[in-house]
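Just so you know, the sequence shown maps onto residues 0 to 426 in numbering that gives the first Met the number 0.
Below: the structure, in structure tokens.
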Amino acid sequence: MIAYVSIGLLGLLACSIPVGIVLFLLGFGIDMFFSPFPLSRGLGLMVWSTSNNATLIAIPFFVLLGEVLVRSGIATRTYKALDHWVSWLPGGLIHANVATATLFSATSGSSVATAATVATVAMPQAEKMGYDPKLFSGAIAAGGTLGIMIPPSINLIVYGFLTQTSIPRLFLAGLLPGLLLALGFILITVVLCTIKPSLGGERRVFPLREMLVALWELAPIILLFSVIIGTIYEGWATPTEAAAVGVAGALGVASIFSRVTWQMIAESVVGTVKVTSMIMLVVIGASFLNFTLASAGLGPILRGFLDGLGLSPLMTLLVVVLMYIVLGFFIETLSLMVVTIPIIVPLILHLGYDPIWFGILMIVLIEMALITPPVGLNLYVVQGARKSGRLGEVILGTIPYVGVMVLMIGALIAFPKIALFLPQTLH
Numbered sequence: 000m001i002a003y004v005s006i007g008l009l010g011l012l013a014c015s016i017p018v019g020i021v022l023f024l025l026g027f028g029i030d031m032f033f034s035p036f037p038l039s040r041g042l043g044l045m046v047w048s049t050s051n052n053a054t055l056i057a058i059p060f061f062v063l064l065g066e067v068l069v070r071s072g073i074a075t076r077t078y079k080a081l082d083h084w085v086s087w088l089p090g091g092l093i094h095a096n097v098a099t100a101t102l103f104s105a106t107s108g109s110s111v112a113t114a115a116t117v118a119t120v121a122m123p124q125a126e127k128m129g130y131d132p133k134l135f136s137g138a139i140a141a142g143g144t145l146g147i148m149i150p151p152s153i154n155l156i157v158y159g160f161l162t163q164t165s166i167p168r169l170f171l172a173g174l175l176p177g178l179l180l181a182l183g184f185i186l187i188t189v190v191l192c193t194i195k196p197s198l199g200g201e202r203r204v205f206p207l208r209e210m211l212v213a214l215w216e217l218a219p220i221i222l223l224f225s226v227i228i229g230t231i232y233e234g235w236a237t238p239t240e241a242a243a244v245g246v247a248g249a250l251g252v253a254s255i256f257s258r259v260t261w262q263m264i265a266e267s268v269v270g271t272v273k274v275t276s277m278i279m280l281v282v283i284g285a286s287f288l289n290f291t292l293a294s295a296g297l298g299p300i301l302r303g304f305l306d307g308l309g310l311s312p313l314m315t316l317l318v319v320v321l322m323y324i325v326l327g328f329f330i331e332t333l334s335l336m337v338v339t340i341p342i343i344v345p346l347i348l349h350l351g352y353d354p355i356w357f358g359i360l361m362i363v364l365i366e367m368a369l370i371t372p373p374v375g376l377n378l379y380v381v382q383g384a385r386k387s388g389r390l391g392e393v394i395l396g397t398i399p400y401v402g403v404m405v406l407m408i409g410a411l412i413a414f415p416k417i418a419l420f421l422p423q424t425l426h
């Protein structure tokens, strides 16, 4: 069964079949060849129960929140404000890329949306001010990955739903690693631009008065993040309700800046429907595959296979990490998550690891997949915004930031408290 799932998954994806359909086909195959019961007869109930889950309503709300922020111009104002505060560091405007991605991640929940927003705003500045195109582009692509780590994260919602893990605790667990990754990106940029100043372009120092005025532009993003996260952890709202409050807040902020039009709202809704439809097809397909795998007994088969290898829990975990790195080269990130969670997470729990900690470790591995070729989505998003140059320049620019992610993976394995400190302390 393990060989069937592995070969079938890679073979169907190689045929360019959409991932959601691939998951259903694998489930039907397991039902046909490995199950003594007609599992496909439960498909209707499975689709209904999955799509009817209130937790998943948070996904379209967070997608809509990001769409509103992008189309209303709030993200552009945030970028300009952060430019006033971080451009004095070696690397100059590159740090504004990372800082803007960090703040935008705290409201949008999507890495691709974060990367696209920052790239659209930043790329014209890089061309005018003579920045090294490789490092500048790489910083945007890497900073965009923070969208699936820093809460609220759509990927963490999907992980929590598929593993029945507390989403508020996952949000808390992702906050500290996300901020440490952002700090790591800034530090590696400072080091590189100190060694070779030509990489970073001009360092600019703004008058204190202009810096203080720029703080006003940061207020909307900080306020939205505080409202969303604050209502969840004060117990006033569930993640789904907090997402709805966030959308209302984003529309309110946009109206203050006179950016709300019927066209903007229509474009935001259409974009939300497209993204949410794709996500829901994958999630429903993953739920059906999960159901068939569990019913066919894959869990005991996989545990028996690994027990027969005689690997320690740490060695088994390292094998899983290596598997995610390799698969991340070829499979889109959300698809990689939902395909592997039904197989890997039960194994990890059997080895005694914490599901919340592993969720954060998985997210870092997924972040790496976003900026590693040939399928790294953020690479293509940033290249599309550049309008010139080669994709290879963006890939080279991400190498230092991939190194930071590898260090974070090692730190999470060696010190699980990095992810577990906030959930254990605040709960």
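For each residue, glycine too, the CB sits at the ideal point set by N, CA and C.
Values in this document were obtained by computation on a predicted structure and should not be read as measured data.
Taking the CB atoms as reference points, tell me whether Leu171 and Pro422 lie closer together than 7 Å.
-> yes
Looking at Leu376 and the ligand FMN, is the gap between the Cβ and the nearest heavy atom below 6 Å?
-> The ligand FMN is not part of the structure shown, which contains no ligands of any sort.
Backbone CA spacing between Leu42 and Thr371 [nearest angstrom] = 35 Å
Three-state class that DSSP yields for Asn289 in the structure shown | helix
Do the CB positions of Gly65 and Ala112 come within less than 7 Å of each other?
-> yes
When the Cα of Met148 is compared with those of Met367, Gly396, Gln382, Leu425, which residue comes out closest?
-> Met367
What is the DSSP secondary structure of Arg14, counted as helix, strand or coil?
-> Per the sequence shown, the amino acid found at residue 14 is Cys instead of Arg. Cys14: coil per DSSP, three-state reduction.
Taking only the alpha-carbon atoms, compute the straight-line gap between Val405 and Ile362 and give it to the nearest angstrom.
-> 12 Å
Just the Cα atoms here: how many angstroms apart are Val319 and Thr339?
-> 10 Å
Using the C-alpha atoms, what's the distance from Glu266 back to Asp30?
-> 41 Å
By how many angstroms is the C-alpha of Val381 removed from the C-alpha of Gly245?
-> 27 Å
When the Cα atoms are used, what is the spatial distance from Ala247 to Phe184?
-> 32 Å
Secondary structure at Gly91, three-state DSSP: helix, strand or coil?
-> coil
Where the alpha helix (DSSP H) containing Phe420 begins and where it ends | 416 to 425
Simplified DSSP state of Ile330, which is helix, strand or coil = coil
Can you list, in chain order, the residues of its chain whose CB lies under 6 Å from that of Arg76, leaving out five sequence neighbours each side?
-> Glu216
Tell whether a beta-carbon distance below 7 Å holds between Ser294 and Leu38.
-> yes
Buried versus exposed call for Cys14 [16 or more other C-beta atoms within 10 Å across all chains shown] | exposed
Tell whether a beta-carbon distance below 7 Å holds between Phe205 and His94.
-> no
Looking at the structure shown, is Trp235 part of a helix, part of a strand, or coil, going by DSSP?
-> coil
Among Leu174, Leu161, Val272, the one whose alpha carbon lies nearest that of Leu145 = Leu174
Does the Cβ-Cβ distance between Ala429 and Met45 come in under 7 Å?
-> The shown model of the chain, from 0 to 426, leaves out residue 429, and the question about it has no answer.
Apart from the five residues just before and just after Asp131, which ones in its own chain have a Cβ nearer than 6 Å to its Cβ?
-> Leu198
Whole angstroms is fine: what's the gap from Val282's alpha carbon to Ile153's?
-> 12 Å
Of the residues Ala413, Ala410, Gly409, Thr397, the one placed nearest Lys133, counting alpha carbons only = Thr397
Look at the Cβ atom of Thr239, then the Cβ atom of Ala57, and state whether they are nearer than 7 Å.
-> yes
Where does Thr164 fall in DSSP's three states?
-> coil
Would DSSP call Thr106 helix, strand or coil?
-> helix
Along the alpha helix (DSSP H) that carries Asp353, what are the first and last residues, could you check?
-> Element bounds for Asp353: n/a, residue is neither H nor E.
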